[in-house]
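Heads up, the thing below is written out as structure tokens.
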Amino acid sequence: MAIMNPDNYHDEQNKKNIMKMRTVLETLPPFCRLYFRGIEEYTSARTRLAYAYDLRLFFEFLHEKNAVCAKTDITTYEVSLLDQITRIDIEEYLEYMSLYQKDGKDITNDERGKARKLAALRSFYNYFYQSELIHNNPAALVPLPKLHDKEIIRLEPNEVAILLDQVEDGTKLTRKELEYHKKTKLRDVALLTLLLGTGIRVSECVGLDIQDVDFETGGIKIRRKGGYEAVVYFGEEVETALLDYLEQRELAIPEEGHENALFLSLQNRRMAVRSVENLVKKYASRVTTLKKITPHKLRSTYGTALYQESGDIYLVADVLGHKDVNTTRKHYAAQADQRRRQAAGYVRLREKPD
Numbered sequence: 010m011a012i013m014n015p016d017n018y019h020d021e022q023n024k025k026n027i028m029k030m031r032t033v034l035e036t037l038p039p040f041c042r043l044y045f046r047g048i049e050e051y052t053s054a055r056t057r058l059a060y061a062y063d064l065r066l067f068f069e070f071l072h073e074k075n076a077v078c079a080k081t082d083i084t085t086y087e088v089s090l091l092d093q094i095t096r097i098d099i100e101e102y103l104e105y106m107s108l109y110q111k112d113g114k115d116i117t118n119d120e121r122g123k124a125r126k127l128a129a130l131r132s133f134y135n136y137f138y139q140s141e142l143i144h145n146n147p148a149a150l151v152p153l154p155k156l157h158d159k160e161i162i163r164l165e166p167n168e169v170a171i172l173l174d175q176v177e178d179g180t181k182l183t184r185k186e187l188e189y190h191k192k193t194k195l196r197d198v199a200l201l202t203l204l205l206g207t208g209i210r211v212s213e214c215v216g217l218d219i220q221d222v223d224f225e226t227g228g229i230k231i232r233r234k235g236g237y238e239a240v241v242y243f244g245e246e247v248e249t250a251l252l253d254y255l256e257q258r259e260l261a262i263p264e265e266g267h268e269n270a271l272f273l274s275l276q277n278r279r280m281a282v283r284s285v286e287n288l289v290k291k292y293a294s295r296v297t298t299l300k301k302i303t304p305h306k307l308r309s310t311y312g313t314a315l316y317q318e319s320g321d322i323y324l325v326a327d328v329l330g331h332k333d334v335n336t337t338r339k340h341y342a343a344q345a346d347q348r349r350r351q352a353a354g355y356v357r358l359r360e361k362p363d
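For the sequence shown, the numbering used here begins at 10 and goes up steadily by one.
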């Protein structure tokens with residue numbers, strides 16, 4: 010039996026998701042296992058886990074709000090139950106998802122949250138309908154919630170410069186934060202410069218191993234969403250920041266299983282996504298209080314800058330790892346419109362009279 014290398018971040022995350030999935034499956038009707046085996050070939054463990062959580066919410070809603078479903082335990086539901094669910098049941102479920110309580114906490118879902126939950130149900134129903142195990146597909150009859158375009162939150166060029174200056178000098182940090190800053194400055198500069206200079210996702214960043222960085226070609230090998238590998242190239246500023254950090258990194262003694270990790274925590278373990286999110290929040294809050302800056306917003310900052318400089322939406326889609334260029338176009342439509350407006354002033358039909 011193959012044993013996963015504990016230092017491989019992506020394999021470790023995949024293993025954790027698989028184990029979580031098994032736990033969630035114990036709370037779902039047995040026929041759900043057919044569905045998850047059916048979609049395993051073309052979905053990631055993370056996606057299947059997200060679908061499993063959403064389906065559990067759906068069955069919990071039925072058990073709580075549907076008189077027929079309340080009579081039996083969720084784990085004894087049979088696939089024939091799906092044929093008894095109507096379009097109205099699903100619409101009521103989505104309405105319920107707008108605001109509900111779980112473990113004493115209020116939980117809300119906006120249009121995007123409800124759209125993801127309906128997408129999970131559509132996939133679920135579609136599998137059993139195409140497999141001819143049910144006769145009806147009410148999920149296909151429910152329209153997706155109308156999504157309102159969100160303004161892209163990003164840092165302006167001057168804010169990027171101020172942010173990196175702040176990471177380097179830490180002038181606005183508290184006394185306690187400065188104590189940590191002395192130890193982490195080179196790492197933090199390298200990490201934020203890498204995020205801002207390549208647009209990689211935070212999960213791709215924390216998953217980097219030292220050997221994934223190739224200074225000869227100026228590229229880093231990352232694992233994209235969906236599990237495929239890609240090489241992203243970096244510029245001189247990123248190279249300098251990484252080389253400075255790696256000099257310090259060589260002196261660290263990593264915990265067992267974390268020897269290859271590029272970015273280490275103060276505990277000498279591979280940094281976690283949450284740690285990077287907190288790090289970005291700490292520094293960004295000293296730069297702007299009007300924008301909620303996250304690692305994903307740094308990705309948007311890079312994508313915007315690249316599009317403004319190149320005007321090539323396909324290049325931006327490729328570098329950011331968007332499988333569908335329409336996803337990129339939707340995100341950066343405002344910049345496209347701005348460029349079209351600028352075009353109005355480029356061509357002069359007649360000279361202005363003196």
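Ideal Cβ placement from N, Cα and C applies to all residues, glycine included.
Item                                                                                                                                                                         : Value
Which residues in the same chain have their Cβ closer than 6 Å to the Cβ of A124, if we skip the five residues on either side of it in sequence?                             : L153 and P154
Beta carbon of A61, beta carbon of L34: below 8 Å?                                                                                                                           : yes
Taking D115 as part of the beta strand (DSSP E), name the residues at either end of that continuous run.                                                                     : K114 to T117
Can you find the residues in the same chain that come closer than 6 Å, C-beta to C-beta, to R278, ignoring five residues on each side of it along the sequence?              : E264 and H267
Three-state secondary structure (DSSP) at D221?                                                                                                                              : helix
Under a three-way DSSP split, which group does K123 fall into?                                                                                                               : helix
Determine the extent of the beta strand (DSSP E) in which V325 is found, giving its start and end residues.                                                                  : Premise fails: V325 lies in the alpha helix (DSSP H), I322 to L329, not in any beta strand (DSSP E).
Which same chain residues, not among the five before or five after R308, have their C-beta less than 6 Å away from its C-beta?                                               : G208
Look up Y109 in the DSSP assignment and give the residues it is bridged to.                                                                                                  : I116
Counting along the chain, where does the alpha helix (DSSP H) carrying V289 start and finish?                                                                                : V282 to A293
The beta strand (DSSP E) with E238 in it runs from where to where?                                                                                                           : E238 to Y242
Does DSSP classify K192 as helix, strand or coil?                                                                                                                            : helix
Would you call Q110 buried or exposed, if buried means 16 or more other Cβ atoms sit within 10 Å of its Cβ?                                                                  : exposed
Span of the beta strand (DSSP E) holding R278?                                                                                                                               : Counting along the chain, R278 falls outside any beta strand (DSSP E), and DSSP gives it neither H nor E.
Rounding to the nearest angstrom, what Cα-Cα distance links D223 and I229 in this structure?                                                                                 : 6 Å
Using 8 Å as the threshold, is the C-beta distance between A54 and N23 below it?                                                                                             : yes
Using only the alpha-carbon positions, how far apart do K194 and H19 sit?                                                                                                    : 26 Å
Could you tell me which residues DSSP pairs with R270 in its beta bridges?                                                                                                   : For the sequence presented, residue 270 should be read as Ala rather than Arg. D218.
Please report the straight-line C-alpha distance between M10 and M28, rounded to a whole angstrom.                                                                           : At M10 the pLDDT is 39, less than 50, meaning the model places this residue with poor confidence; the figure from the coordinates comes in the next sentence. So the alpha carbons of these two residues sit roughly 17 Å apart.
Quick check on I229: does DSSP put it in helix, strand or coil?                                                                                                              : strand
Can you tell which of F68, Q93 and S89 has the C-alpha that lies nearest to the C-alpha of D82?                                                                              : F68
Can you tell me the Cβ-Cβ gap for D197 and L288, rounded? I've got them flagged as a contact below 8 Å.                                                                      : 6 Å
Take R163 and list the residues in its own chain whose beta-carbon comes closer than 7 Å to its own, dropping the five residues that flank it on each side.                  : K306, S309, T310 and T313
Going along the chain, which residues of its own chain have a beta-carbon closer than 8 Å to the beta-carbon of T36, five neighbours each way excluded?                      : R65, I83 and T84
Can you tell me which of the three DSSP states A76 falls into?                                                                                                               : coil
Can you round the beta-carbon distance between P166 and R96 to whole angstroms, since I take them to be within the 8 Å contact cut?                                          : That belief does not hold up - the Cβ atoms of P166 and R96 are roughly 50 Å apart, past 8 Å.
Three or more C-beta pairs under 8 Å: does that hold for the stretch 119-137 against the stretch 88-107?                                                                     : yes
R210: buried (16+ other C-beta within 10 angstroms of its C-beta) or exposed?                                                                                                : buried
Give me, in chain order, the residues of the same chain whose beta-carbon lies closer than 7 Å to that of T297; leave out the 5 immediate sequence neighbours on both sides. : E168
For L329, count the other beta carbons within 10 Å of its own beta carbon; 16 or more makes it buried, fewer makes it exposed. Which is it?                                  : buried
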